[in-house]
Amino acid sequence: MNKFYRNTNQSFVIIPFIISTFFMPCIVTRSFAEELKDTSRQIEFIQHQAENRPSSSPYEGGIREVFDFTSPLSPPCERGVVIKSPEIPFDLEQLPRSIEIPATRTTATPRRILGNMRFRHEMAGLLGEKVGTDDSGDVYNAGGLSSYYTGPKELFPGKGKFGELYRFLPMVRWYDPAYYYNAGNFHPGSTVTGEFTNEQCVACHNMENPGIVTQWKQSKHGTPPEGKEVVGCDRCHGKNHEKLIMPTYDHCGECHEKQMKGHREGGRGSHAHAYHLELIDMGCQMEKPAEETASCLACHAIAENRCDGCHTRHRFSTAEARKPTSCGVCHSGPEQYEYEMYMQSYHGMVYQGEGQTWDWTRPLNAKNYVVPTCSYCHMPEGNHNILSMSAAYTYMGTSLVDRGAYRYKATRDAWINTCKGCHSPRFARDHLEAMDEAVKLSFTKYREAMGIVMALYTDNLIDPMPSDLAPDSRGHNVFSLMPGKGEMRKYNVSNIERLTYEMLVDIIGAIYKAKAHNAYYSPIYGYWEWAQDRWLVQIKDEASKLKRFAAIEEKVGIKHTAYPFWKHGEYTDMLLGWKRKEWGK
């Protein structure tokens, strides 16, 4: 029987547990209270620092700061407005006590300083540094503990049905040119004026940017086949240097109509919807600061909006696009391990060993290539609709479907026909069926884990519970794993939610991709099937601890309250959910 209170050794363990549980909240509360009391001293310190460092004030003759009320988490703004800071001066004596003032010159958009200022001063004292902005150029040692976040100096408004809720870094104009770069309000402008012919462009850029001229001359645009015209700079970018155009798939489609048609015909999960549908309307894109989602933006947007994501400018080489390395730029890493799985297969091994000797200008078929590559299988005969060989959309492999079911017979037969270039149809069918069975089995472990986690949630045993966290991107506090209701994510969640998310999104998705590419190492020894076993053990271990802690607390009469650091912090307070909750949107 588990009567721990009768065991003196166990009582010895529980005493410090009780002390820490009852008294730690008092310590935390005292720290918060002290921080509030120190606000006036912080302002006095900043005022003293600014008076002794005149160069640190952005205005001459006194301390006046610019405050931004159109920060990344601000209420809606109109499309076409580049967000900058309104110049609203304040006197220090008139400031609300909750606002902290940057003491040094900053190039970023000024906003309220997030996080614990007292902590920064303590760290600065230990390190022998001053507290300052992260964009000052000063070196802040030991992880930048004495610095504070300033944020981007310029942001562009978002787009789409949630565009009013989030912002982009200006780099978005290069990846979504139709909406940003080619629009007057977001065009980067030019120091060169006038209209120019292709010959004039080439002459000047041969000195300014010789690399792109060399690449262009190597392309069929610059050195076309006999009987074809040169496609010059002015054809794609226009003649007016002050209003240069960044080409989109529409521009390319004027000449490459078949390829553009295939690209745009792709359904959900294809390149055609990688940006607008799969990124900018998703919670993780909206909720996080613009700097953090910039890399997501680059892959998703260039895949949908431009053609040079696969055959890069200014050579636009089909040979380059046919190589797996071109696909691997985006299709690699957690959640999309296609490139790694291909490389671990026999196909990938042969490609790595011999691919440098192949003639990549030749059409993709078994006569010209020893083994298939990404485009060989997913873009047969140059079909730019990459879903032409897809059975069903499964959110990167996180939804369960039997791809061998009779309703997908036509797609399965098409795959077997592709494999027939080098294999017998019986060999291909057996391996595809092995993939089906392994994928279905992988979901049994996830269901087992979710059964445990949902029971914990129902019994209010998860620490922290959703109400103890920052709001999600909709401004709500919904359990992230709640089927059909929650926003599945690996941040702003409890540890057991993170583990369960990883089991599904990272591991089950990877098992499917490993089996589909016939990779040998990863499905067993790598991050996948045995890793799924490890994650299941970790979830059970976490669940066991949560239940045991709850039982102990009930026995000794402790009512645990989640610690405030789960809900607030320098980074956590930047999440969109707080603003949406405030706005009621």
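Every number in my numbering is 12 more than the matching position in the sequence shown, counting from 1. The beta-carbon is built from N, C-alpha and C at its ideal position, and this holds for glycine as well.
Proximity to residue i [Cα-Cα], best of the options
i, options, result
"residue 131", "157, 284, 420", "157"
"residue 300", "458, 540, 590", "590"
"residue 487", "453, 337, 471, 596", "596"
"residue 491", "403, 546, 462", "462"
"residue 305", "266, 498, 178, 210", "178"
"residue 559", "533, 503, 471", "471"
"residue 209", "268, 217, 203", "217"
"residue 557", "474, 154, 480", "474"
"residue 506", "521, 408, 561, 482", "482"
"residue 124", "593, 582, 592, 588", "582"
"residue 2", "185, 353, 586, 386", "Examination of residue 2 is not possible in this model, given that the chain is present from 13 through 597 alone."
"residue 350", "150, 308, 518", "518"
"residue 342", "163, 546, 286, 162", "286"
First through last residue of the alpha helix (DSSP H) which encompasses residue i
i, result
"residue 312", "306-317"
"residue 6", "There is simply no residue 6 to check, as the chain begins at 13 and stops at 597 in what is shown."
"residue 224", "222-230"
"residue 603", "Examination of residue 603 is not possible in this model, given that the chain is present from 13 through 597 alone."
"residue 268", "Premise fails: residue 268 is in no alpha helix (DSSP H) and is neither H nor E."
"residue 425", "421-431"
"residue 358", "358-366"
"residue 390", "386-390"
"residue 437", "437-470"
"residue 135", "129-139"
"residue 372", "Element bounds for residue 372: n/a, residue is neither H nor E."
"residue 249", "245-249"
"residue 292", "From DSSP, residue 292 is part of no alpha helix (DSSP H); its letter is neither H nor E."
"residue 521", "521-528"
"residue 595", "588-595"
"residue 153", "153-156"
"residue 511", "507-513"
"residue 185", "184-187"
Residues near residue i by beta carbon distance below 6 Å, same chain, minus five either side
i, result
"residue 516", "410, 458"
"residue 110", "With a pLDDT of 32 at residue 110, under the threshold of 50, the predicted position of this residue should be treated as unreliable, though the coordinate-derived value follows. Result list for residue 110: empty, nothing under 6 Å."
"residue 533", "356"
"residue 204", "253"
Nonlocal neighbours in the same chain, by C-beta distance under 8 Å from residue i, ignoring five residues either side
i, result
"residue 40", "Per-residue confidence for residue 40 stands at a pLDDT of 35, beneath the threshold of 50, marking its modelled position as unreliable; no derived number is given."
"residue 34", "Because the pLDDT at residue 34 is just 37, under 50, the model does not fix this residue reliably, and the value given afterwards should be weighed accordingly. Correct list, in chain order: 570."
"residue 289", "280"
"residue 446", "527"
"residue 262", "190, 272"
Distance between beta carbons of residue j and residue i, contact taken as under 8 Å
i, j, result
"residue 160", "residue 127", "6 Å"
"residue 317", "residue 495", "Residue 317 to residue 495, Cβ: 33 Å. No contact."
"residue 398", "residue 279", "Their Cβ separation, rounded to whole angstroms, is 10 Å, which puts residue 398 and residue 279 out of contact at 8 Å."
"residue 451", "residue 508", "That pair is no contact at about 24 Å."
"residue 552", "residue 464", "7 Å"
"residue 401", "residue 389", "7 Å"
Cβ neighbour criterion (16 or more within 10 Å) applied to residue i
i, result
"residue 484", "buried"
"residue 478", "buried"
"residue 525", "buried"
"residue 173", "exposed"
"residue 270", "exposed"
"residue 363", "buried"
"residue 573", "exposed"
"residue 437", "exposed"
"residue 267", "exposed"
"residue 377", "exposed"
"residue 101", "Its pLDDT being 33, under 50, residue 101 is placed unreliably in this model, and the value from its coordinates should be taken loosely. The residue in question, residue 101, is exposed, as its Cβ has fewer than 16 Cβ neighbours within 10 Å."
"residue 171", "buried"
"residue 225", "buried"
"residue 439", "exposed"
"residue 260", "buried"
"residue 327", "buried"
"residue 202", "exposed"
"residue 588", "buried"
"residue 371", "exposed"
"residue 358", "exposed"
"residue 594", "exposed"
"residue 454", "buried"
"residue 544", "buried"
"residue 499", "buried"
"residue 456", "exposed"
"residue 369", "exposed"
"residue 433", "exposed"
Residues of its chain near residue i, where Cβ-Cβ distance is below 7 Å and the 5 sequence neighbours each way are ignored
i, result
"residue 497", "490"
"residue 314", "187, 321"
"residue 293", "172, 173, 174"
"residue 56", "In this prediction, residue 56 has a pLDDT of 45, which is less than 50 and means its spatial position is unreliable; what the coordinates show is noted afterwards. So the list is empty, once near-sequence residues are dropped."
"residue 391", "398"
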